[in-house]
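Shown next, in C-alpha cells, is the structure this report addresses.
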Amino acid sequence: MSSTLFSGRWTALALMAPLLLLILIFFYLPVINAFYWSFFLERPFGGASFVGLDNFARVLSDPAFWESLRKTVVFMVFASTLAVLVPLVLALAADRHIRLSYPARNVLVWPKAVAGASIGVVFNFIFNPFVGILMPLNHWFPGIWNPGINGTDAFIMLVAAHIWGGIPFNFVILLAGLLAIPAPLQQAAAMDGAGPWRRIFDIQLPLITPQIFLTLVLEFTDSVVSAFSLVDTMTKGGPGGATTLLVYKIYVDGFLGFDLSGAATQTVLLMVFMLAVTAFHFLYLERRVQYER
C-alpha cells in the first residue's frame, strides 16, 4: 500500500485552504456576528447601539419564543427518534437477506439526493386533504384530516416528511454496522436455539450501539436546522403558528420583521440549547455504547 507524503506543511495547508475558507465565511463569521448583534440594537437600515443583555431579557420574556422552543423540542424528540427507528427496522430487514433486500438497499438510498425543499413540496401534495393519499379518509369522515386548518395534522405531516428524508443516511450507517457483525456470532447463537428476535436484541442491537448513537446525535442536531426547509415549503409556520419552530421564527423575525437583534439573540440561545442537547448525548447516552466487540 502506497502513501503520499507532503514535502512541507505549506502544501498541506494550501490544499486545505479552500475548505477552511468556506468554513470561515459560512460558519464562523455568521456565528461571530450573531453573538455581536445579540448585545447591540441593530437597526434595519444601518446603525447600532450597545444594549448589553436587554435583547436576552426581551426574548426570554416573550411567550412566543418559549412556545416555538417547546414545539422545537417536541419535533426534535419525535421526528429524530422515528428517523432512526424506521431506518433501523429497514436495515435489520435488509440484513436478513429477505426477498428483494438487495434492490431495496439501493432504492432506500436514492432519497438522499432530494433537497429538503423538494421533499416539502412533494409531501405537501401527498398529504393534501383533497387530492392526496388521505382523500378517501376525508370522504368517509369529512374533516378528519386537514393540515391546512388543523395544527396537529400539519405537525404530523412535518414529522413524516422529516422521517422520509432521514432514511437514506441513517439506513446506510446502521446497515454498515449490521454487516460488520461477525457471522459466526449469529451462527453460534442460532445453533444454541436463539430465534431471530433473540439474536436481534441480544447480539445485533448491542453490537451496533456506536452506529445507533451516531445517528441519534446527528439526527437530534440536524433536525432543528433541516426542519426550516420543510416548514417554509409546507406550512409557513401555520396553521395559527402550530408549526412555527424556533429556526423558522428566527427567519420570520430577522428577514420579515427586520428584528435583527432579536433574531441574532434567538440564534445564540438556539446554539446554546443544541450544545446542551449534544452534551447530554455524550455525557449520558454514550455510557451505554459498546465500542469493543
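Numbering-wise (the numbering used here), the sequence shown opens with residue 453 and increments by one.
Think of the CB as a built atom: it goes at the ideal place given N, C-alpha and C, for glycine as much as any other residue.
Just so we're clear, the structure is a prediction, and the values are computed from it rather than from any experiment.
- According to DSSP, residue pairing for E494 in a beta bridge involves A500.
- Between the beta-carbon of A694 and that of D705 there is about 18 Å, and that puts the pair past the 8 Å contact cut.
- In the three-state reduction of the DSSP assignment, G568 falls in the helix class.
- Residue environment: Q656 is assigned as buried (16 or more neighbouring CB atoms within 10 Å of its CB, all protein chains considered).
- Selection T730, T685 and P691 evaluated against T667 yields T730 as nearest (Cα-Cα).
- Of the candidates L727, F707 and V669, V669 places its Cα closest to the Cα of E738.
- The region 559 to 578 makes no contact with the region 646 to 662, as fewer than three CB pairs between them are under 8 Å.
- Each residue's CA atom was taken as its position, placing I475 and M643 some 53 Å apart.
- Counting along the chain, A694 sits inside no alpha helix (DSSP H), nor does DSSP assign it H or E at all.
- Secondary structure at W597: coil, using DSSP grouped into helix, strand and coil.
- In this structure, M726 sits away from V683, with a CB-CB distance that is not shorter than 9 Å.
- Sorting M609, W592, L552 and L712 by C-alpha distance to the C-alpha of N580 places M609 at the top.
- Sequence-distant partners of M528 (beyond 5 residues in either direction) whose C-beta falls short of 8 Å from its own C-beta, in its chain, are F672, S675, V676 and V729.
- When the Cα atoms are used, V526 and T719 turn out to be separated by approximately 19 Å.
- Excluding the 5 residues flanking it on each side, N507 has same chain C-beta neighbours closer than 6 Å at S490, S713 and T717, in chain order.
- One alpha carbon belongs to F577, the other to F530, and they sit about 22 Å apart.
- Annotated three-state conformation of H549 is coil, per DSSP.
- DSSP places R739 in no alpha helix (DSSP H); its state is neither H nor E.
- The three-state reading of DSSP puts F579 in coil, since its state is none of H, G, I, E or B.
- The distance from the Cβ of P496 to that of F710 is about 4 Å, consistent with a contact at the 8 Å cut-off.
- Rounded to whole angstroms, the separation of the alpha carbons of V583 and D654 is 45 Å.
- Sorting M468, D547, W592 and P588 by C-alpha distance to the C-alpha of A635 places D547 at the top.
- Short of 6 Å from the beta carbon of I702, and not among the five residues preceding or following it, lie these beta carbons of its own chain, in chain order: A715, Q718 and T719.
- A Cβ-Cβ contact shorter than 9 Å links P620 with V561.
- Contact annotation: L637 and K523 have beta-carbon atoms that are not nearer than 9 Å.
- A direct Cα-Cα distance of roughly 14 Å separates N590 from I601.
- Classified as exposed, V566 has fewer than 16 neighbouring CB atoms from the shown chains inside 10 Å of its CB.
- Contact between A543 and L467 is absent: CB atoms are separated by about 35 Å, not below the 8 Å threshold.
- Note on geometry: alpha-carbon atoms of T463 and I477 lie some 22 Å from one another.
- Under the criterion of beta carbons closer than 8 Å, L534 and V611 qualify as touching, at roughly 7 Å.
- Across the set G504, S678 and A632, the C-alpha of S678 shows the shortest separation from the C-alpha of S532.
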